[in-house]
Structures are given as structure tokens and as C-alpha cells.
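See structure below.
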Amino acid sequence: MNKQSPGLLLRTGRLLGGEPLLTAGLTLLVLITLFALVGPLVINVEMAQIGAAVPRQRPGAEYLLGTDVQGRDILAALVLATPQTLKIGFFAGVMGLGLGTILGLLAGYFRGWTDTVIRTLADVVMTIPGIAVLVLVATNVRSMTVALMAVIVAGLAWMYPTRTIRAQTLSMRERPYVDIARLNGVGGVELVFTEIFPNLLPYIAASFVTAVSSAMLATIGLEALGLGPQNELTLGMMIFWAQYYGAILRNLWWWWVPPVAMMALIFIGLLMTSTGMDRLVNRRLRVEA
Amino acid sequence: MNDERGGEGFAAGPPQGEMRPLGGQRSTRSDERGGHILDVRDLHVEFPTALGPALAVDGVSFTLDKGMRLGLVGESGSGKSTTVLALMQLIKAPGRISGGQAILAGDDLLAMSAQQMRSVRFSRIALVPQGAMNSLNPVLTVRAQIDDLLDAHGQKPEPKERARHVAGLLQRVGLPENVADQYPHQLSGGMKQRVCIAIAIALSPQVIIADEPTSALDVIVQKQVMQTLIHAQREVGAAIILVGHDMGLMAQFAHVVGVMYAGRLVEIAPVQEIFANPRHPYTRMLISSLPSFATRKVFRGIPGVAPSIVNPPSGCAFHPRCPRAEQRCSREIPVDDVLAPGHHVRCHFARELPPVNAAGEALA
Amino acid sequence: MTLLVAFLAITINFLIPRAMPGDPIEQQLSQLSASSGGNIGDIQAMVQSYRERFGLDKPLWRQYLNYLYDVARGDFGFSLVNYPERVSDVILAGLPWTLALLGTATLISFSVGTILGGVLAWPDSSRWVQILGVPVILLSAVPYFILGIVLMFVFALTYPLLPVAGGYSFGFMPAWNWATVGQMALHAVLPALSIILASIGTWAIAMRGMVISVRGEDYIMLAEAKGLSARRVFFAYGLRNALLPQLTHLALTLSHIVSGAILVEVIFAYPGIGYRLYQAIHAKDYFVIQGIVLLLSVSIAFTMLVLDLVYPLIDPRIKSARQS
Chain A
25 MNKQSPGLLL RTGRLLGGEP LLTAGLTLLV LITLFALVGP LVINVEMAQI
75 GAAVPRQRPG AEYLLGTDVQ GRDILAALVL ATPQTLKIGF FAGVMGLGLG
125 TILGLLAGYF RGWTDTVIRT LADVVMTIPG IAVLVLVATN VRSMTVALMA
175 VIVAGLAWMY PTRTIRAQTL SMRERPYVDI ARLNGVGGVE LVFTEIFPNL
225 LPYIAASFVT AVSSAMLATI GLEALGLGPQ NELTLGMMIF WAQYYGAILR
275 NLWWWWVPPV AMMALIFIGL LMTSTGMDRL VNRRLRVEA
Chain B
187 MNDERGGEGF AAGPPQGEMR PLGGQRSTRS DERGGHILDV RDLHVEFPTA
237 LGPALAVDGV SFTLDKGMRL GLVGESGSGK STTVLALMQL IKAPGRISGG
287 QAILAGDDLL AMSAQQMRSV RFSRIALVPQ GAMNSLNPVL TVRAQIDDLL
337 DAHGQKPEPK ERARHVAGLL QRVGLPENVA DQYPHQLSGG MKQRVCIAIA
387 IALSPQVIIA DEPTSALDVI VQKQVMQTLI HAQREVGAAI ILVGHDMGLM
437 AQFAHVVGVM YAGRLVEIAP VQEIFANPRH PYTRMLISSL PSFATRKVFR
487 GIPGVAPSIV NPPSGCAFHP RCPRAEQRCS REIPVDDVLA PGHHVRCHFA
537 RELPPVNAAG EALA
Chain C
1204 MTLLVAFLAI TINFLIPRAM PGDPIEQQLS QLSASSGGNI GDIQAMVQSY
1254 RERFGLDKPL WRQYLNYLYD VARGDFGFSL VNYPERVSDV ILAGLPWTLA
1304 LLGTATLISF SVGTILGGVL AWPDSSRWVQ ILGVPVILLS AVPYFILGIV
1354 LMFVFALTYP LLPVAGGYSF GFMPAWNWAT VGQMALHAVL PALSIILASI
1404 GTWAIAMRGM VISVRGEDYI MLAEAKGLSA RRVFFAYGLR NALLPQLTHL
1454 ALTLSHIVSG AILVEVIFAY PGIGYRLYQA IHAKDYFVIQ GIVLLLSVSI
1504 AFTMLVLDLV YPLIDPRIKS ARQS
């Protein structure tokens, strides 16, 4: 049966309509992404350079969000930093999810030794407080970039997807349609990809959001400690520089509030989306059962 | 034929010295009206749905006497469980009791406040639930689950007396005393069901509702549980409403059998009467579908599917599946027709149907 | 299982710093000499002697065995930066602070969050609770230390009600007296609050989901049919049955909580293990980092083991399954 039915858009629309939390979350994230994409076109990012503007200005007509001690226009900095942070989160999420899905599928389908090894590995890594290991790795890197950051942070994002996908694969491999495919002579890996994988898509989508969340959390953790990219501005680094230069103590609130607020919005959006997706996936389950 | 009603013989009604099932003598309890311990009048329960209200129970009336065992039979969705749950006000929103009365020894159960209901539950009317497997709290011992019932009703606070009462209850349902300190998962299905019976009789209620108490059990355990139930009933002198879909079981255990269809009570009669002289086509088909050793025949089910209660068939709800149906059946809802004392039917042709043999097949 | 995890954690812990490029000793000494103007030749000799001293000149497998031996004896080596301070001293100095903060905060947020989640899932619960639930849940999305920054700004700077940082006031000498306890408590308020407020929501959401599924069970129906009070049904029949998966959830998210707590300590310069880890990282104090990370991993694994032992107490089915 052709999965791409003509009313895909309509079905998606109806699906979202039934789940307001998901819609709200996605809307928030889409708005933030738009800000990140459109912002640099509208606002002059040159103003985010050090010394581009008059330092320590309160928010006003000329500098909408004020400036920091180094003469950066905060609004411009925000516009520059948001896409960088989103990039890290997104790519780390994709990498973490990719790794997690593959490991989860392998563990769930082949079971036995493969499963034991993968599961133990995931458990061990989950036991070690991620931030500690990340910090360890990050301190030894000569110069941190956004790309490198994404790779490092992906290291923390793969465990939960692995567990989820593994659990789902385990239950799915017992389903009748898998048995039929097996009887028809479909082999191991091909079976995994043609029969099991498509049914995992909702879980993968939900896990993606979780992976991005974990990645973002790890990112901002590292950055707040000053271990983020030194030359490229991200939201976490903005917070770090603000703290480093004592913005909090010196009452330069406009310096740290915008990045904090933006980060909070991103996290809230991710939470709403992932909770909404969880509910959606569970509802579908209840209908199927 | 072996009869589970204490060996009085097939022709007897309720046990000696107790009330005749319907329309009989005055009760010895001064607080019962008209001799009935429970009088359900015109009960209506509806569930609002997107397509309009679903009439789960549509004008059901019956009476129950002390010591009597009433069996309510019907297909899934016929409203039998809903009827009895309504008596304890256990219908969950958005469902609601939309009309009728249920008078238990002088008090209308349906008119009680939540507070009053809470004190009445299990002290005057108790429930043996369907699926005892899941009805017991997995993290509490049997004793704890009987204790909290006693506590909720302020009964037997003194520890020694309490322990004795619990031991007594278990004994009455045929369980060893050590069961009290075990957890539900350590007990077999039949034992769990008996614990539920013990809980139901703990406060010596006047009415016990048993909602398909044996559905999940195998035949041998079924019989044991039913015997336990009857024994327990006699110990506290309660009346039982037994809900089920097994006519054979009803034949063995009930004094009076009521048949429900699409939320309505289509026939009710003392058990011998209903098997010897069923007057509603549905009842006949139910009985004839029972296998028996006496006659060998082809198995017959009842063709068609259970009706929707949101959009029930017009007139008599059974008419689409009834072999005797005529034009009139789709226009007029049959009214309550009293064929004999205690035998009520709702069918336009009840009086005209030919008599049946032991297998429920029509003669002539 | 726990032993395996602990063992693997130890091994990974051993390998990661050594897998990184760069030699910390050489770096340290180069830095020192650069700031005091020594000459190159001496540096190499010093590096070599330090290497010998710390056993870094031996082949990897020997270092590994030595490491295992030392760890078993509780010897984590010396702090490279504050030599001759031992790593175990550094850890012991910071441990009580972290335990007090993390322990209390987790206990409070777990209890309050779990009950809140249960109440949110129960029908006929007060509207106020439902309304209160929303901001609490939203807060859970935010990482602990961001909330910490906000709280610091509001309660320590704008309205100086609580101390800004540290474990006790500047110039105060800690001792075994009530004044010290008072200082410690006061300085722990904001960090604890950051953790509590930001994590209550996660417990609440998880518990709510669990309780919703428990609500549909038959034993709840019978409990209500028995005429039990709403409170009894909620606690003994509802909450208790949903508690077990909630505890499992706790075990799984432990490392996440600890990570968050570390960052909170950094923001508030709260002298716990997290803060000392931060200091060690920036000073590239090799052995301290290793020691603390090892301690963290092992203690998380250990806590999971303890929780594992608690399960049978809560769910008799598990007790039976284990006995058989």
C-alpha cells in the first residue's frame, strides 16, 4: 500500500489539531528558527563585533537591547548567536539520534551478545555524569568550534534514543508482519529496514526532540563553563561572557537577560514538543491496541 | 440433575423458610416495603456521545427479596453491568443516572449524596467485581485490604476483634487463615475471587452484586466460587444479583432470571418458569443455543449483531434479529406484560408463541 | 551489574584523560616557567622527574594496574596544582557541601514533585494545584543553572535577601558550631532552590503519566466501591502503585541531576565537589579531575544499587520474584 497518500498535509494538519501542546511547541520552535534565519538579513551583524558600538549602553532607541562592556550590540549578538546554538543542537541531535537509532535497532533486533554489549555500554555512559566527561574532553581541545562542539555533545545525546528504539524494536520483532516477512525469505538487515524501521518513525521523531534537548543542555553546560567556541558567538557563550565580565554583579541586566530568555524559550519549546509528541504516540498506540 | 441451591430439588424456589421470589408474603423485616429488600423502578442510565445520548439502561425495573438470587443475563453491551453499577452510584462521568429509583430497605440509593453513598457502599450493598485478578491492590496484603474497608466504615477498631473477624471471613469463604498476610500475586485466580467475596460480606450487607464473578475462571473453579458465594450469602442473609452471560450458570444458581437486551429488561421470571416457558423470542434463542446432553442438535447462535445503544432500532430493539418480527415491532415498543405472578415479558407476541421443549425449541 | 558498571567507569575514567593530546605536566611546568622566566633545558629535566614521581613514565598497562591498585586503596594521587595536597583531601573537603545540597534538594523536589504529579493526575483535584502546575512544569524545561542565574539576580543582587556566592560569608571561619550551620544553610538556599524549582516539574510530569495509567486499573474501582476515603484511595491505591516506575526514573536520571548540580555549584561558587571539579579543569589538575569524575560515576552506580534494594520494599511482587 502506498504510504504517501495524497492527503498527507491534511492528515498532518488534523494530527496536530488534536494535540495543542505539540502545536504550541512546534510553533515556538519555528518562530525561533525564523528569527535565527531572518534576523541576520534584517539586523546588521557587524554590530556584534567587539568595539562596534558604544559599550555599556542601556537598552534604548539606538541599541534596542543595549550593549555590553566590549561594545557589542546585544540585539545583533543575539541574532548572530541564536542560529549558532540552534545549529549545534540540531546537528548534535541528528548525530546522536542517528547513532542511537542504529544501535537501538541492532540491539533490539539481533539481541544476544549485540544487545548485551550495546545495552551495557549505554548504561555505563548514562551512569557517568555526562558533563564531567564532556568537560574533560573539551578542556583538552585546542580551539573549539561550533562543528566540534556538535560532535562532542552528540556523545551525550545517543543513549536515550538507543534505549527507546531498542525497546520498540524488541516488541516489534514479535509482530506478525515481521514473521511473515521472515517466512517470505527477507533477510536480517533488510528486514530491519523495510519492516521495522518505518513503524519506528513516530518514536524516532519523538527521540529526535529528546536528543536535541539533551544536546542543547550539554552545549549550554559546557559553554557556561567557558568551554564553548571561543571565536564564534553562541547563546551559551553570551551568558558566559556576561558572567565572566561580572554583568550580573554590575547590574548590566540587558546583557544576560536576552540570551537567558532565548535559551529558556528554546527549552520550553522543546519540552512542549516532546511532551506533545509523547502524547501523540501514546494515543496512536491506544487506538491501534 | 444436580442443583446448586442447597439440594432442595429442581422444583423448589428459594430456600425453605425464606421469601417467595415475587409478589409474595410480607417480610419479617419491618423496614422493607412490599416484602422486597430492593426495589428498582424505571432506572435510566445514559452516556452522552458525539452522536447523541447512548441509553445504556432504558427503563429497567425489578425487585429483589431477602435471600433471593437474581440472575441478569444478556450479551455484551446489553446494560446489565451498568444497571448494577448504577445501584452503587459507580457510573463514571460522563455517564449519568438520568432517572429512576432504587429503594433499598426504604432508602433510595440513587438519591443519596456522595457522603451517604460512601457509608452505604459495602455496608448495605456490596460488589464482587468482575476480574478479581486486577481488583485487588498489588501492594497491599489481603488483611490490609479488608482492614481498610472496616476502617472506612468505623467497624471493629479493637485489634483482637478485628483479627478474629478477618479470620472468620476467610474461613467462611473457605480460605486458610494465612491468606490474610499474603499479597494478591501469591494467590490463584479462584482464591483471589474468594477474597473479593470475603470483602463483600465483611460488613454483612443486605444486597451483594456479583458482576460476572466467574468469567475469567475455568469451569471447576467456577463451581467452587459459586458455591462459596452462595454459602457466604447464606451466612449474612443477603440477596444476590448475579450478572452474567451464561444461561447455563443461571440455570444452576439463580432463583429468578432477568434477560436484558439493548438496555431493556425483556423478560424476567422464576428460573424454572423461564426455562420451561420462555416467552420472549430472544430468551428462547438464548436457551436453545445452550448445548445439552438430552437432545442432540445443530448449534445455533443468534444471527445479527448487538444493536447500537446510541441509535437503537425503533420500536422493539430486538426486531431486526427476531424471527417472529412484524411491521408492528418496528413501530411500537412492547409494554410490560405480566403473564403469570413474577413472569414479566416485553413482546407483542408473548402470549401467542408456541410452547417449547426442554431444548427451548418450539413445538408445533 | 553495578560492579561491572563501576569497573567500566573506572576504566573509561582512566583512559579519557590519557587519550587526550597534550601533556598536563609539561603544560603546567611550561606555564610556571613562562611566568617566572626559567630556561628550557631545566624544564625537560623537571618534567621527567615529575613524570617519574607521578608514575606517568611507565607503559600504559602498568599505569592502569597501578591505578586500579591505588583506587582500591583509596589513593587518588596528588593534586598537581596544590601539591602536596592529596586528591582525596580535595574530595573530602567538598563532599559534605555537595551531599548536603544535592541530597536535600533532590529529596525535596522528588517528594513534592511526585505528589504534585499524582494530584495533577487525580480527578477532582483542586483547581489551584492545576494552575500552579503549569509554571512548575514550564520551569522544568530550563537547565538548573540558568534558573540559578535568575534567582541570584533577583534574590541576591536586586533585593539582597540571600548571599550571592560561596559556602559561607567572606572572612567567616567555619567551625563546629551553630553559626557555621546557619551560614551553610543560608548559602545553600539559592543553589538548592535552583535545583528544586527546576526539577519538580520533571518529577511531576513523570508521576502524572504513571498515575493516569494506574487510575484506569480495576483495583481503583473496587477501592472506591468499598467506600474508602478519597485520600486513602489516592495514597495507598494510586500513588503507591505508580511509585515504583517513578523510582526507576530517579535512578535513570541521577547522572543528569548530578550534572546539573555541578553547574549550579559553579554559578554560585558553592564549595562542593562540582565547584572543585571546575577549578581543577581550568587548572588542568589531572588527578583531581580523574578522582572527582571517578567518585561521581561510582557513587551514581552505587546509588542505583541502593535504589534497586529499595524496590522490593515498595512492591511485594518484586520481593517474591527475587526470592524464587
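Protein chains in written order, with the working numbering: chain A, 25 to 313; chain B, 187 to 550; chain C, 1204 to 1527.
Backbone N, C-alpha and C fix where the C-beta goes; we use that ideal spot for every residue, glycine too.
Note that the structure is a prediction, hence the values are computed from the model and not measured.
Considering only beta carbons, the part of the region 1504-1520 of chain C lying closer than 8 Å to chain B consists of 1517, 1518, 1519 and 1520, in chain order. Against chain A, the CB of residue 1481(C) has a partner CB under 8 Å away; the residue lies at that interface.
One finds 1428, 1429 and 1430 in chain C with Cβ atoms closer than 9 Å to the Cβ of residue 308(B), taken in chain order.
With a cutoff of 8 Å on beta-carbon distance, residue 400(B) and residue 366(B) are scored as not near each other. Within the region 1272-1353 of chain C, the complete alpha helix (DSSP H) segments of 4 residues or longer fall at 1290-1324 and 1330-1342, listed in chain order. Of the residues 130(A), 95(A), 237(A) and 111(A), the one whose Cα lies closest to the Cα of residue 77(A) is 95(A). Annotation for residue 64(A): no beta strand (DSSP E) segment contains it, though the alpha helix (DSSP H) segment containing it runs 44-66. Note that the region 1305-1323 of chain C touches the region 1401-1411 of chain C; at least 3 beta-carbon pairs, one per stretch, sit closer than 8 Å.
Contact of residue 1469(C) with chain A by beta-carbon distance below 9 Å involves 248 and 249.
Annotation: the continuous beta strand (DSSP E) that includes residue 235(B) extends over 224-235. The Cβ-Cβ distance between residue 387(B) and residue 414(B) does not fall below 8 Å. When DSSP states are grouped into helix, strand and coil, residue 91(A) belongs to the strand group. A Cβ of chain B is located within less than 8 Å of the beta carbon of residue 1523(C). Closer than 9 Å at the C-beta level to chain C, one finds these residues of the region 322-336 of chain B: 322, 323, 324, 325, 326, 327, 330, 331, 334 and 335. The beta carbon of residue 153(A) sits closer than 8 Å to some beta carbon of chain C.
For residue 240(B), there is no enclosing alpha helix (DSSP H); the enclosing beta strand (DSSP E) has its first and last residue at 238-250.
Listed in chain order, the non-local C-beta contacts of residue 449(B) below 6 Å within the same chain comprise 241, 242, 243, 244, 265 and 495, local neighbours out to five positions each way being set aside. Going by DSSP, residue 332(B) is part of the alpha helix (DSSP H) stretching over 328-338.
For residue 128(A), the three-state secondary structure derived from DSSP is helix. As for any alpha helix (DSSP H) of minimum length 4 sitting wholly inside the region 404-476 of chain B, the runs are 405-422, 433-439, 457-462 and 467-474, ordered along the chain. With fewer than 16 other Cβ atoms from the protein chains shown falling within 10 Å of its own Cβ, residue 406(B) counts as exposed. Among the residues of the region 278-309 of chain B, those with a Cβ less than 9 Å away from any Cβ of chain C are 278, 279, 303, 304, 305, 306, 307, 308 and 309, in the order of the chain.
Under the three-state reduction of DSSP output, residue 258(B) falls in the strand class. Of all residues in the region 120-146 of chain A, only 144 and 145 come within less than 9 Å of chain C when Cβ atoms are compared, listed by chain position.
Pairing residue 240(A) with residue 48(A) gives a Cβ-Cβ distance that is not under 8 Å. In terms of Cβ geometry, residue 1342(C) and residue 1396(C) do not form a close pair [threshold 8 Å].
Taking the Cα positions, residue 1382(C) is about 28 Å away from residue 1481(C). When Cβ pairs closer than 8 Å are counted between the two stretches, the region 125-137 of chain A is seen to touch the region 180-197 of chain A, the count reaching three or more.
Residues of the region 1341-1360 of chain C whose Cβ lies closer than 8 Å to any Cβ of chain A, in chain order: 1341, 1343, 1344, 1345, 1346, 1348, 1349, 1352, 1353, 1355, 1356 and 1360. For residue 523(B), the uninterrupted beta strand (DSSP E) segment begins and ends at 523-526. Under DSSP, the beta-bridge partners assigned to residue 287(B) are 227(B). Only residues of its own chain outside the window of five on either side were considered, and among them 158, 161 and 162 have a CB closer than 7 Å to the CB of residue 176(A), listed in chain order. Beta bridge pairing from DSSP links residue 394(B) with 312(B) and 426(B). As summarised for the region 191-256 of chain A, there are no continuous beta strand (DSSP E) elements at least 3 residues long confined to that stretch.
The alpha-carbon separation between residue 259(B) and residue 443(B) amounts to approximately 7 Å. Excluding sequence positions up to five before and after residue 281(B), its CB lies within less than 6 Å of the CB of 233, all in the same chain and listed in chain order.
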